[in-house]
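Count along the sequence shown from 1, add 2, and you get the number used in the numbering used here.
Note that beta-carbon positions come from the ideal geometry of N, C-alpha and C, so glycine has one too.
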Amino acid sequence: MILSQIVAVAKNKVMGINNTLPWDIPEDMKFFREKTKGHVMIMGRKTFDSLGEPLPRRFHIVISSQTNLNYNHPHVEVVPNLEQAIQAAAKRLPEWPQEVFIIGGSGVFEESFPVTNKIYLTLIDKEFSGDVYYPDIPEQFELTEKKQVEGLIPFAFTTWERKQ
Ligand SMILES: NC(=O)c1ccc[n+]([C@@H]2O[C@H](COP(=O)([O-])OP(=O)(O)OC[C@H]3O[C@@H](n4cnc5c(N)ncnc54)[C@H](OP(=O)(O)O)[C@@H]3O)[C@@H](O)[C@H]2O)c1
C-alpha cells in the first residue's frame, strides 16, 4: 500500500473555513478528482461531511468517534481511528489500486505523517481567512516536484516524498 496525502494549502497554512474550502480553484479540484478517481480515500468525519455526498468511483473510509454513525452507502465505511482506517483500506486493496489517499482534515494529516509515503500539496500563493490549518511537513519529507500555475490565484502543484 502507498499512503499519499492530498491537500491544498494557502500561504498562511489555511486549508478550510466553516467546513468548506476558502477558495474556488477549478484546476485544483480537477487535479484532486483525477488523482483520487477509482481509489480508496481515508478522511475525518468533517471532511466527509464537507463533500456533501460520497464521490463516485471512490471508496470512503471515514474516521469518527461516534459509534452509531452509519452512512448506509456501499462505498462508505466508518472506523474509530487511523490505525483501523489503514487496516480497512488494506482489506479493500485486492479490488482497488495500491495508492490510498488521505484527504484530511488537519488532525488526520498530522497523525498520518509517520505512515505517509507521499504528499501532493497544492501551494496557493495567497493568504486566506480560515479555521483549519495544515500542519508543518516533517523534516523526513523533501520536495521532489514543483509545477507553477499562473492565473487569478497563482499556485503550485508540489510533490513531497520521504527522504531515502
Ligand atoms: N484544503 C484541503 O485540501 C482540505 C482537505 C480536507 C479538508 N479540508 C477542510 O478542512 C475542514 C475539515 O477538517 P477538520 O480538520 O476540521 O476535520 P476532520 O479531520 O475532517 O474531521 C474531524 C473529525 O474526524 C473524526 N476524527 C478525526 N481524528 C480522529 C481520531 N483520531 N479518532 C476518532 N475520530 C477522529 C472526529 O469525528 P467525530 O466528531 O464524528 O468523532 C473529528 O471530529 C473543512 O473546512 C474542509 O473543507 C480542506
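CA-to-CA distance, residue j to residue i, given in whole angstroms
{"i": "I27", "j": "Q86", "result": "33 Å"}
{"i": "Q89", "j": "V80", "result": "12 Å"}
{"i": "L71", "j": "S108", "result": "21 Å"}
{"i": "T160", "j": "P96", "result": "29 Å"}
{"i": "V9", "j": "F111", "result": "9 Å"}
{"i": "N2", "j": "K148", "result": "As displayed, the chain neither begins before 3 nor continues past 166, which places residue 2 out of reach and without an answer."}
{"i": "A92", "j": "P58", "result": "20 Å"}
{"i": "L123", "j": "G106", "result": "12 Å"}
{"i": "I121", "j": "R94", "result": "21 Å"}
{"i": "D138", "j": "E113", "result": "12 Å"}
{"i": "L53", "j": "K32", "result": "15 Å"}
{"i": "V117", "j": "L84", "result": "10 Å"}
{"i": "M45", "j": "I65", "result": "6 Å"}
{"i": "P82", "j": "T69", "result": "8 Å"}
{"i": "E29", "j": "E152", "result": "11 Å"}
{"i": "R60", "j": "H77", "result": "7 Å"}
{"i": "D133", "j": "N20", "result": "7 Å"}
{"i": "P56", "j": "S6", "result": "19 Å"}
{"i": "Y73", "j": "R35", "result": "22 Å"}
{"i": "K128", "j": "H62", "result": "30 Å"}
{"i": "F157", "j": "H75", "result": "35 Å"}
{"i": "M150", "j": "W98", "result": "Correcting the residue type first, residue 150 is Gln in the shown sequence and not Met. Straight-line Cα distance between these residues: approximately 31 Å."}
{"i": "F50", "j": "V11", "result": "18 Å"}
{"i": "L23", "j": "K37", "result": "18 Å"}
Other residues of its chain near residue i: CB distance less than 7 Å, five sequence neighbours each side excluded
{"i": "F115", "result": "P140"}
{"i": "E144", "result": "W162, E163, K165"}
{"i": "W25", "result": "I126, F130, I155"}
{"i": "Y135", "result": "K15, V16, M17, S108"}
{"i": "K142", "result": "Sequence inspection shows Gln at residue 142; the Lys mentioned does not correspond to that position. The answer, listed in chain order, is R164, K165."}
Own chain partners of residue i with C-beta closer than 8 Å, once the 5 adjacent residues on each side are dropped
{"i": "N119", "result": "I4, L5, S6, E163, R164"}
{"i": "K48", "result": "N21, G107"}
Near ligand 2: residue i beta-carbon under 7 Å from a heavy atom
{"i": "Q150", "result": "As far as ligands go, the structure on display features ligand 1 and does not contain ligand 2."}
>> For the pair the stretch 99-111 and the stretch 38-58, tell me if three or more CB-CB distances fall below 8 Å.
In response: yes
>> List, from N- to C-terminal side, the alpha helix (DSSP H) runs of 4 residues or more that fit wholly inside the stretch 27-65.
In response: 28-38, 47-53
> Which full runs of the alpha helix (DSSP H) of 4+ residues lie inside the stretch 130-159, going along the chain?
Replying inline: none
> Which residue spans inside the stretch 100-129 form an unbroken beta strand (DSSP E) run of at least 3?
Replying inline: 101-104, 120-126
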